[in-house]
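Asks:
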Amino acid sequence: MRQNAAKRNDPNASRFALWQRKLILLYTNPTRWFVMTENFDWDIYPVCESDETYTLEVYADPEEAGTVTVTPLKEEYHMDEHVDLVATPAEGWRFAGWHSRYWSDSGRETSVDIYRDMVIEARFVEIEGD
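In my numbering, each number is its position in the sequence shown, counted from 1, plus 4.
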């Protein structure tokens, strides 16, 4: 039979109960915990430190519809590394949005924090003629 920690005179029981009342934990992705206190203050804690590196592939779809600028452009990125993306449509095309399995955005200029190998597509649509 399970016993309540406080009934066993566990010295950590009251600290845990206080913690339960003070914090709300919100998990956002595999790299960070966002913690909100009862005063609605936010703290961010990394889940783990890692030397692992990840790849980022970014391309335009269709290829002739525009270009994509990646800053910084590297072969490998570390966890939580910040990358800026800019999509520039070719003449006769307009930008439609960023898409990937794990992330999407509609702004022509955006950024992503790397937390896994990622493939991101800048989608463009042809502008209809008059």
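By construction, the Cβ of each residue, glycine as well, lies at the ideal position given by its N, Cα and C atoms.
CB Ile118 to CB Trp102, shorter than 9 Å?
Replies: No; because the gap between Cβ atoms is not below 9 Å, this pair is not in contact.
Asks: Using 8 Å for Cβ pairs, my map puts Glu79 next to Tyr58. What's the rounded Cβ distance?
Replies: About 11 Å separates the two Cβ atoms, so there is no contact after all.
Asks: Please list the segments of the beta strand (DSSP E) lying wholly inside the region 92–128, counting only runs of 3 or more residues, in order along the chain.
Replies: 97–103, 113–117
Asks: Which of the three DSSP states, helix, strand or coil, is assigned to Glu67?
Replies: When secondary structure is reduced to three states using DSSP, Glu67 falls in the helix class.
Asks: Pick from Glu130, Glu61, Thr75, Val90: whose alpha carbon is nearest that of Asp109?
Replies: Val90
Asks: So for Glu132, helix, strand or coil by DSSP?
Replies: In the structure shown, Glu132 sits in coil (DSSP, three-state: anything other than H, G, I, E or B).
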